[in-house]
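**Student:** When we follow the numbering used here, the leftmost residue of the sequence shown carries the number 285, and every step to the right adds one. Heads up, the beta-carbon is just placed ideally off N, CA and C, and yes, glycines get one too. Questions regarding the structure given below will be posed in turn.
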Amino acid sequence: MRNNIIAAVVISFIIVGAMWGIGNLLNPPPQDNANRGNGILLVAENNAFNETNPDISIKVNDPKEITILNKDFVRHDFIVNQTGITGINTSILFSDQHFKAYLVAQQPGVYEYFCDLHPTMRGKIVATA
Ligand SMILES: [Cu+2]
285 MRNNIIAAVV
295 ISFIIVGAMW
305 GIGNLLNPPP
315 QDNANRGNGI
325 LLVAENNAFN
335 ETNPDISIKV
345 NDPKEITILN
355 KDFVRHDFIV
365 NQTGITGINT
375 SILFSDQHFK
385 AYLVAQQPGV
395 YEYFCDLHPT
405 MRGKIVATA
């Protein structure tokens with residue numbers, strides 16, 4: 285009887301472990317994907333994007349995949365809303381949520397990205413022809 289209980293517990297651990305492993309294979313965390321190809325990863329943490337709110341360079345009419353990942357304890361969002369570039373609004377991202385979009389500029393220029401909740405979280409998107 286006691287051995288049966290121990291066996292059941294051990295088997296449960298093995299099953300849960302296997303499911304976790306399979307789940308990670310099928311749906312890898314976004315960090316693993318974001319730097320593949322020409323994608324951009326912006327991590328919101330400590331009230332900044334990638335620590336320094338870096339400039340993002342793109343080419344006009346050349347869509348660039350962008351992933352915004354909230355690794356913070358507080359909520360963030362990510363907004364682009366100017367004429368000449370396709371708008372992005374992630375809405376509120378809670379901890380560990382991410383959002384994928386494409387940056388697409390129709391006209392050369394310097395645009396702004398920002399978090400609506402934190403005035404220090406803003407940076408530039410530089411679109412060249
Ligand atoms: Cu924010």
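List the endpoints of the continuous beta strand (DSSP E) containing residue 325.
**Tutor:** Note, residue 325: beta strand (DSSP E), 324 to 329.
**Student:** Assuming contact is defined by CB atoms lying nearer than 9 Å, are residue 387 and residue 335 in contact in what I supplied?
**Tutor:** Contact: no.
**Student:** Considering only residues of the same chain and omitting the five flanking positions on each side of residue 395, which have a CB-CB separation below 6 Å?
**Tutor:** So the qualifying residues of the chain are 366, 369 and 409.
**Student:** By Cβ distance, which residues of its chain are closer than 8 Å to residue 390, with the 5 residues on each side in sequence left out?
**Tutor:** So the qualifying residues of the chain are 344, 345, 368, 369 and 370.
**Student:** At a cut-off of 8 Å, is residue 364 close to ligand 3 when judged by its beta-carbon and the heavy atoms of the ligand?
**Tutor:** This structure simply doesn't include ligand 3; it includes ligand 1 instead.
**Student:** Where residue 361 and residue 393 are concerned, what is the direct C-alpha to C-alpha distance, given to the nearest angstrom?
**Tutor:** If I take the Cα positions, the gap works out to 23 Å.
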